[in-house]
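Each remark here refers to the structure printed beneath this line.
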Amino acid sequence: MKLVNDHIKENLKILFVGFNPSIRSSETGHHFANPNNRFWRILHEAGLTPRRYDASEDAKLLDLGMGITNIVARPTKAADEITKEEYKEGKEILRKKIETLKPKVVCFVGKGVYQEYSGLKKVAWGKQEIAVVHGTIDFVAPSSSGLVRMKVEDVVEIYLGLKEIID
Numbered sequence: 003m004k005l006v007n008d009h010i011k012e013n014l015k016i017l018f019v020g021f022n023p024s025i026r027s028s029e030t031g032h033h034f035a036n037p038n039n040r041f042w043r044i045l046h047e048a049g050l051t052p053r054r055y056d057a058s059e060d061a062k063l064l065d066l067g068m069g070i071t072n073i074v075a076r077p078t079k080a081a082d083e084i085t086k087e088e089y090k091e092g093k094e095i096l097r098k099k100i101e102t103l104k105p106k107v108v109c110f111v112g113k114g115v116y117q118e119y120s121g122l123k124k125v126a127w128g129k130q131e132i133a134v135v136h137g138t139i140d141f142v143a144p145s146s147s148g149l150v151r152m153k154v155e156d157v158v159e160i161y162l163g164l165k166e167i168i169d
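Numbering-wise, this note's numbering comes out as the position in the sequence shown, counting from 1, plus 2.
Structural data, given as structure tokens:
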């Protein structure tokens, strides 16, 4: 399987961090490409994008001051296939990216992503009191996976908090 390229640059308003690419993302070369993933719909409904983007347009987020990466680069069918070693290595790589790129907000797309990154067990939705990397804001949002049982409207409500921070 092929890796999915990051879409990152310095001084982003928001850097979105997922678990890892799906098989569909690996096949297409684009983030959040599974048709059941609600990422693109959520971004639009939360007012973060001017229209609903398609996964094939993921690089265009850079034009809006937003980027995408993952804590683990290896594509899998499900996040539970990621090993502890992959998370440990990915955590260090991610931290270096954040320290170098200095995004205003790092939005973790899934509570589990942030738990792996921060080492914290209890995590609330939204802006975190203390960021792992000084000078950034850590924001925890629900996973956009279609497997998540939260109503999309409730997920969008949390992402609206992200829009408030960057406006």
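A virtual CB, placed ideally from N, CA and C, is assigned to each residue, including glycine.
Self-check item: the stretch 9-22 contacting the stretch 58-69, beta-carbon criterion three pairs below 8 Å
Solution: yes
Quiz item: Near A57, what residues of its chain come up, given a Cβ to Cβ distance below 7 Å and the 5 sequence neighbours on each side ignored?
Solution: T30, H32, H33, F34, A35, W42
Quiz item: With DSSP run on the structure shown, which of helix, strand or coil describes I139?
Solution: I139 sits in a strand when the DSSP states are folded into three classes.
Quiz item: Could you check where the alpha helix (DSSP H) with G31 kicks off and where it finishes?
Solution: Per DSSP, G31 is not a residue of any alpha helix (DSSP H), being assigned neither H nor E.
Practice problem: Identify every residue that forms a DSSP beta bridge with L17. | Solution: G69, V108
Exercise. Return yes when the Cβ of A81 is within less than 7 Å of the Cβ of F21, no when it is not.
Key: yes
Quiz item: How big is the Cα-Cα spacing for K86 and I168?
Solution: Between K86 and I168, the C-alpha separation is close to 33 Å.
Quiz item: Quick one, are the C-beta atoms of K93 and Y119 less than 7 Å apart?
Solution: yes
Exercise. Give the straight-line distance between the Cα atoms of G148 and V154, rounded to the nearest whole angstrom.
Key: 9 Å
Practice problem: Just the C-alpha distance for I170 and V134, rounded to the nearest angstrom, thanks. | Solution: The structure shown does not extend to residue 170, since the chain is modelled only from 3 to 169, so the question has no answer here.
Quiz item: Between which two residues does the alpha helix (DSSP H) containing K90 stretch?
Solution: 86-103
Quiz item: In terms of residue numbering, what span does the alpha helix (DSSP H) encompassing W42 cover?
Solution: 41-47
Quiz item: With respect to the alpha helix (DSSP H) encompassing V115, which residues constitute its N-terminal and C-terminal limits?
Solution: 113-120
Quiz item: Who are the Cβ neighbours of A75 in its own chain at under 6 Å, not counting the five residues just before and after it?
Solution: For A75, where only same-chain residues beyond five positions count, the Cβ hits under 6 Å are L5.
Quiz item: Given A126, which residues of its chain have a CB within under 8 Å of its CB, disregarding the five upstream and five downstream residues?
Solution: V142
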